[in-house]
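Heads up, the thing below is written out as structure tokens.
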Amino acid sequence: MSTPAPTERKDRRRVMITPEGIALPVVLASRGTRFGALMLDLTFIAITLTLVVIVLGFAGINLAGEAFGKNKDAASEQALMAVMVFIILLMFFFRYGYFLLFELGPRGATPGKRLTGIRIAARGGGRLTPEMVLARNLLRDIEVFLPLGMLFQMQDSGPVGWAAAAWLMLFALFPFFNRNRLRAGDVIAGTWVIEAPRRRLLPAMSTTQAATSNTSRATGASYRFSDAELAIYGEFELQTLERVLREDRAEAMVAVHEAICRKIGWLPGGGDERAFLEAYYTQLRARLEAGMRMGKRKADKHA
Amino acid sequence: MALAGRQDFPVQSGEAAIAAAALRSDRFRQEREGDWLRLEAIVERFEKGRLRWVSDADVLALPVLYRTVASSLSVARETSLDAATLAYLEGLVQRAWFLVYGPRTSLWSWLRGWLGGGWSAAVRAIWGELIVAFALMGIGTAIGWLLCASDPDWYYSLVPTQFLDTRTPGASREVLLGTLFGQSEERGLSLFAAQLFSNNAGVAILCFALGFAFGIPPLLLLIQNTATLGAMLWLFHGQGLSYEFVGWLSIHGTTELLAILLSGGAGLHIGRSMAFPGSLSALEAAAAAGQRAASVMAGAVLMLVIAALLEGLGRQLIESTPARYGAGYGMLAFWIGYFALMRSRTRLEDPA
């Protein structure tokens, strides 16, 4: 899971205040992600319905053959009716119940949302109630299914059809007209859709040989940087360096190694970039974190 | 994704597994990451919905661990520049927070609370809109009747084609009477009921959803649907069949029309609170109204299930007009009594 750069998501950052007063930062899901999640869910629905109808269709053909054949069998006719009732109720369920049931679950997300890493939440940090989930999904009809149906019948409709389609598009495009990317259902439910990342705990950075003793295990070289050599960079560069070290790509490390050496006036050697960068990272972080404890922060090299 | 818990998660990589970290902030992390990983494992099991996998000890530990990890996060924010760890903690605290402050009740007990007072309280809370919706339905019926009385051609534009079989102006009394009785031979009553339900519930939800456009569309839908009723009433009245027609209609109609009344009222409620939010912000007002209206709507859908059963099965099986009146108005009395009298014993959380 790649983490986009913080600046990229700045306008999507919000803070929820929990009932106990902890400020919890959340990132609103982007419109593209939500659209992708919706498409996934619609695909799942379509696949499931098709499969069910195919299976029942085979059963139904056999039943119909018997029902309208020579010996009109009341039992098989009833079975056919039962199948049709089942299909009607199933369609109804998928139209109104699929999103509802999944969002009521502990993850607050449909399968499509889960796969795209987003979920619904109460706006502002309250408890998500079943009423909210109900409300936001009752409106899905005019936001998704009606415009969808409209699109399929577009060819045989005059100006009235176009006007209706335009009016319905207003609902479908609602998330583009407000800051929190709320769709109409979110507005009346008091919910929003946020990113629900599932990150793993990555290893601590400062436990390697180069970090703890400032010496390279491979070459025995000792890397100690003076205060002036560490003072040129800030938190932004530190976290870029962290990403480079965690990704562990040789060519990126060579480039960063060179850039740092140029900046601090060292002669870039070769072959021991990782130990150099680990040592520089650890000492830079120690310096910046010491500043933090004193209430001094340095956002980036320009600060 | 691995199904096994995360207890065997490699805490540290490679040779430095136990080595103390050089940085103070990393040592802080090493002291606490056991709690973090334990919380993550519990959260994972909760999210999978397999409560059997969660021991009682874990259930008790969840809120405590949540607070521990939340405080780790706030300390780490002030002392650590490890972006990956901060991101991990933010994600973990968020996931745990959704569980700790998730729905307090199971779906089943919510349903019980909703039937046992939540629904009727929501219905009572929107009584103003219900009166307006009722008046509109009355007006719609009168319009349908009066239009047809002035010009029978209106009948064809007011009544949808599915009713235009033999029930047209000029039809004889016998033909009309035949449409009210004697269809019990028909097969597929349950199919009929399922279609009715699916169709009516769709219309009711639409009526509700369109309330979002400041309540105008529900007004029109209510009037249009009851104009059909008025037109048909006019037709049957012309042949002196109003008593039988009302019986035919009432057996399911009291429940169905009441459900439509509720959905129209719920739609109006949303529209009204968005147009006139009062002391709340427009968004807050919309959310409060939406949740109340959603509670009403869930009930309307349930009523439409019952109405479809009454229409698809009951009407075909009950052939006597007094019995139809009895069933229809018995249901009406039941609903009104339920909405007026059902109060929750334990005070429910007000969804608003």
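In the order they appear, the protein sequences are chains A and B.
Oh and the first sequence: position 235 is 510 in the working numbering, straight run, nothing missing.
Oh and the second sequence: position 132 is 180 in the working numbering, straight run, nothing missing.
Just so it is clear, CB atoms sit at the ideal spot from N, CA and C, and this is done for glycine as well.
His-577/A counts as exposed, since fewer than 16 other C-beta atoms from the protein chains shown sit within 10 angstroms of its C-beta.
If you draw a straight line from the Cα of Leu-159/B to the Cα of Met-351/B, it comes to about 15 Å. Contact between the region 273–282 of chain B and the region 360–378 of chain B is absent: fewer than three C-beta pairs spanning the two stretches fall below 8 Å. DSSP links Thr-127/B through a beta bridge to no other residue. Pro-265/B and Cys-255/B have their C-alpha atoms some 7 Å from each other.
Looking at the DSSP output, Ile-393/A shares a beta bridge with Glu-470/A. Taking 8 Å as the CB threshold, Gln-272/B stays off the interface with chain A. Here DSSP, grouped into helix, strand and coil, assigns Ser-103/B to coil. For Pro-300/A, the pairing in a beta bridge is given by DSSP as Val-290/A. Taking every protein chain shown into account, the CB of Phe-333/A has fewer than 16 other CB atoms within 10 angstroms, so this residue is exposed. Leu-563/A and Leu-137/B have their C-alpha atoms some 20 Å from each other. Contact between the region 127–134 of chain B and the region 302–318 of chain B is absent: fewer than three C-beta pairs spanning the two stretches fall below 8 Å. Excluding its 5 nearest sequence neighbours in each direction, Thr-303/B has C-beta neighbours in its own chain below 6 Å: Met-351, Ile-354, Ala-355 and Met-379, listed in chain order. Contact between Gln-339/B and Ala-396/A is ruled out by a C-beta separation of about 15 Å, above the 8 Å threshold. For Asp-416/A, at least one C-beta of chain B is nearer than 8 Å to its own C-beta. Note on Phe-324/B: under 16 other CB atoms within 10 angstroms of its CB, so exposed under the neighbour-count rule.
Restricting attention to alpha helix (DSSP H) runs no shorter than 4 residues, the region 474–531 of chain A encloses them at 484–488, 502–505 and 510–522, ordered along the chain. Identification of chain B residues near Ala-471/A by a Cβ-Cβ cut-off of 9 Å yields Gly-139, Gln-142, Arg-143 and Phe-146, ordered along the chain. Not a single C-beta of chain A is nearer than 8 Å to the C-beta of Trp-167/B. Gly-399/A has its alpha-carbon roughly 23 Å from the corresponding atom of Leu-113/B.
The alpha-carbon of Gly-139/B is positioned some 31 Å away from that of Phe-551/A. Interface residue (Cβ-Cβ distance to chain B less than 8 Å): Val-301/A is classified as such. Taking the C-beta atoms as reference points, Arg-75/B is found nearer than 8 Å to Ala-68/B. What Gly-465/A touches in chain B, judged by beta-carbon distance under 9 Å, is Leu-331, Glu-332, Ala-334, Ala-335, Ala-336, Gly-338 and Gln-339, going in chain order. Taking CB atoms only, Gln-243/B has a neighbour in chain A less than 8 Å away. For Pro-543/A, the three-state secondary structure derived from DSSP is coil.
For Leu-159/B, the enclosing alpha helix (DSSP H) covers residues 155–161.
If the five residues before and after Ser-220/B are omitted, its C-beta is found closer than 8 Å to the C-beta atoms of Gln-287, all from its own chain and listed in chain order. Cβ contact annotation for Leu-313/A (same chain, cutoff 8 Å, sequence separation greater than five): Gly-387 and Val-419, in chain order. Taking C-beta atoms as the reference points, Val-529/A and Val-519/A fail to come closer than 8 Å.
Close to chain A, meaning a Cβ-Cβ distance shorter than 7 Å, are the following residues of the region 299–322 of chain B: Ile-318.
Against chain B, a Cβ distance below 9 Å from Tyr-371/A picks out Ala-249, Gly-250, Ile-253 and Val-349. Using a Cβ-Cβ cut-off of 8 Å, Ile-297/A counts as an interface residue toward chain B, since at least one Cβ of chain B sits closer than that to its own. Within the region 427–460 of chain A, the residues whose Cβ lies closer than 7 Å to some Cβ of chain B are Ala-459, listed in chain order.
The three-state secondary structure of Phe-229/B, taken from DSSP, is coil. Interface residue (Cβ-Cβ distance to chain A less than 8 Å): Ala-105/B is not classified as such.
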